[in-house]
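Okay, structure first, notes after.
Below, the structure written as structure tokens:
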């Protein structure tokens with residue numbers, strides 16, 4: 245039985261309490277003293293003995309009540325610590341002030357290929373490939389920046405947390421280091437955390453807003469291609485949402501639980517883009533992080549790497565990427581060891597890659613390796629049925645960011661949005677809506693508010709202030725727009741060319757509203 249005896253602290257009281265148990269012939273296997281409590285584990289103590297033990301203990305000056313407990317606090321802490329260490333996926337090592345290992349979790353033992361007890365008989369210099377690192381840690385009081393190290397030949401980022409003991413806490417806040425806890429993060433674990441931070445809004449095709457025929461066809465094609473583990477090339481104009489389509493394809497693929505990491509090939513110079521993709525070794529170049537750094541391919545192992553604006557990649561990097569696509573292996577900058585990873589490449593561009601191939605600006609062999617699967621993201625002007633749906637989504641988001649009540653568009657604003665050609669596509673529409681919401685205090689936005697925000701949108705005012713619901717408003721401005729333009733473009737094909745959409749959709753709308761009017 246395990247008990248807790250409360251007492252008033254004084255010299256020798258714990259010894260007197262234990263003497264009471266000894267006189268009763270009760271063996272004690274564990275004792276923890278934490279005034280005003282003494283915790284005792286006595287297997288021979290039974291419940292019926294408690295009243296007599298309480299009576300004997302109260303003869304000792306300062307002893308209070310006895311209560312039964314399930315486990316001693318120190319043992320409880322150790323059990324919880326052991327469980328926490330066991331479930332941690334990252335290797336963790338605790339060392340004393342001399343660099344001797346005192347605690348190792350299961351993940352560290354798995355990397356070392358031995359059990360935890362055997363691992364704890366070693367020193368830090370014996371498990372790290374850099375033997376000098378132990379002396380550096382001790383010399384700096386276990387206070388060094390995070391760096392990449394090699395643990396039993398495997399690359400990890402090492403975080404060091406000193407374990408300190410106060411020096412005369414009643415006199416000074418100073419402390420001395422008595423060891424440290426070392427946490428090792430594998431590159432893929434780092435990639436997973438980056439992915440979680442960057443993609444917290446959701447995944448899958450719910451990211452793609454649109455119910456037009458073009459979007460339905462695109463989602464159907466994308467859903468079939470997403471589950472095929474092959475390179476995918478996404479083309480489309482700037483601002484159409486190619487990155488969202490790539491995220492959606494990753495989100496429904498077999499790699500959805502692994503990282504999705506991205507690199508904009510147009511945003512970095514060649515040297516930085518190379519180090520971001522392939523990583524580098526310590527001292528590879530001036531300014532290189534000590535210990536080296538893994539690249540996106542290492543951190544995304546098992547997942548997807550999205551290369552945006554692939555058409556802007558230099559010919560040198562194109563050659564390195566082609567070699568990686570051939571065998572899945574690469575070398576870090578400044579390294580001689582080949583690293584093999586398993587990632588899927590999704591690339592995107594607004595450039596005409598076949599034309600660039602003809603002009604010698606893009607490698608033909610790389611183009612065919614990237615273009616195994618292909619999706620075309622339609623321009624916003626080619627799916628006008630989605631404009632108001634997208635606008636409603638952006639209005640809700642902009643109102644939330646601006647801490648305003650949700651606004652709505654009147655019929656003239658709806659007509660203005662639908663009639664615009666949107667050269668900047670969805671990104672331009674998002675900016676227009678955000679500016680209009682930010683600068684207007686109205687709960688109902690008109691064409692003037694939208695026109696002020698963009699300066700290139702215009703539409704005739706359509707009076708629908710009495711509209712009962714959204715659908716009626718949409719139908720009204722569609723009718724008004726078609727009635728205004730049809731006399732100038734008196735056929736479904738001419739009108740479709742004017743509005744940059746399909747003539748079948750225009751023909752359907754004309755029949756719906758009875759345009760031209762029968763006489």
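Residue numbers (my numbering): 245 to 763. Heads up, the beta-carbon is just placed ideally off N, CA and C, and yes, glycines get one too.
When the options are compared against residue i, the one with the closest alpha-carbon
{"i": "residue 482", "options": "358, 469 and 552", "result": "552"}
{"i": "residue 563", "options": "547, 526, 540 and 605", "result": "605"}
{"i": "residue 246", "options": "278, 305 and 316", "result": "316"}
{"i": "residue 252", "options": "298, 307 and 694", "result": "307"}
{"i": "residue 671", "options": "559, 486, 571 and 750", "result": "486"}
{"i": "residue 260", "options": "296, 305 and 739", "result": "305"}
{"i": "residue 680", "options": "380, 640 and 668", "result": "640"}
{"i": "residue 591", "options": "491, 669, 583 and 585", "result": "491"}
{"i": "residue 496", "options": "569, 548 and 381", "result": "548"}
Bridge partners - residue i, DSSP secondary structure assignment
{"i": "residue 524", "result": "537 and 577"}
{"i": "residue 402", "result": "391 and 428"}
{"i": "residue 275", "result": "284"}
{"i": "residue 337", "result": "348 and 426"}
{"i": "residue 479", "result": "593 and 620"}
{"i": "residue 550", "result": "506 and 590"}
{"i": "residue 688", "result": "652"}
{"i": "residue 246", "result": "285 and 313"}
{"i": "residue 251", "result": "307"}
{"i": "residue 372", "result": "395"}
{"i": "residue 582", "result": "575"}
Beta-carbon proximity of residue i to residue j, cut-off 8 Å
{"i": "residue 272", "j": "residue 300", "result": "no"}
{"i": "residue 636", "j": "residue 576", "result": "no"}
{"i": "residue 587", "j": "residue 545", "result": "yes"}
{"i": "residue 538", "j": "residue 399", "result": "yes"}
{"i": "residue 466", "j": "residue 489", "result": "yes"}
{"i": "residue 540", "j": "residue 505", "result": "yes"}
{"i": "residue 423", "j": "residue 407", "result": "yes"}
{"i": "residue 378", "j": "residue 341", "result": "no"}
{"i": "residue 521", "j": "residue 555", "result": "no"}
{"i": "residue 476", "j": "residue 368", "result": "no"}
Classification of residue i by the beta-carbon crowding that lies within 10 angstroms, buried from 16 upward
{"i": "residue 673", "result": "buried"}
{"i": "residue 722", "result": "buried"}
{"i": "residue 462", "result": "buried"}
{"i": "residue 324", "result": "exposed"}
{"i": "residue 335", "result": "buried"}
{"i": "residue 471", "result": "exposed"}
{"i": "residue 737", "result": "exposed"}
{"i": "residue 392", "result": "buried"}
{"i": "residue 756", "result": "exposed"}
{"i": "residue 772", "result": "The displayed coordinates of the chain run from 245 to 763. Any statement about residue 772 would go beyond what the structure contains."}
{"i": "residue 560", "result": "exposed"}
{"i": "residue 473", "result": "exposed"}
{"i": "residue 415", "result": "No answer about residue 415 holds up, because its pLDDT of 44 lies below 50 and its placement is not dependable."}
{"i": "residue 622", "result": "buried"}
{"i": "residue 318", "result": "exposed"}
Residue i versus residue j: straight-line alpha-carbon distance, rounded
{"i": "residue 371", "j": "residue 396", "result": "6 Å"}
{"i": "residue 254", "j": "residue 303", "result": "15 Å"}
{"i": "residue 262", "j": "residue 322", "result": "24 Å"}
{"i": "residue 394", "j": "residue 431", "result": "12 Å"}
{"i": "residue 707", "j": "residue 662", "result": "Because the pLDDT at residue 707 is just 47, under 50, the model does not fix this residue reliably, and the point stays unresolved."}
{"i": "residue 194", "j": "residue 480", "result": "Residue 194 lies beyond the range of the chain shown here (245 to 763); nothing can be said about it."}
{"i": "residue 614", "j": "residue 355", "result": "35 Å"}
{"i": "residue 542", "j": "residue 677", "result": "39 Å"}
{"i": "residue 346", "j": "residue 510", "result": "49 Å"}
{"i": "residue 274", "j": "residue 248", "result": "12 Å"}
{"i": "residue 649", "j": "residue 759", "result": "38 Å"}
{"i": "residue 453", "j": "residue 752", "result": "23 Å"}
{"i": "residue 709", "j": "residue 451", "result": "With a pLDDT of only 48 at residue 709, under the threshold of 50, the placement of this residue in the model should not be trusted; the figure read from the coordinates follows. Distance between the alpha carbons of residue 709 and residue 451 is about 32 Å."}
{"i": "residue 683", "j": "residue 689", "result": "11 Å"}
{"i": "residue 658", "j": "residue 638", "result": "14 Å"}
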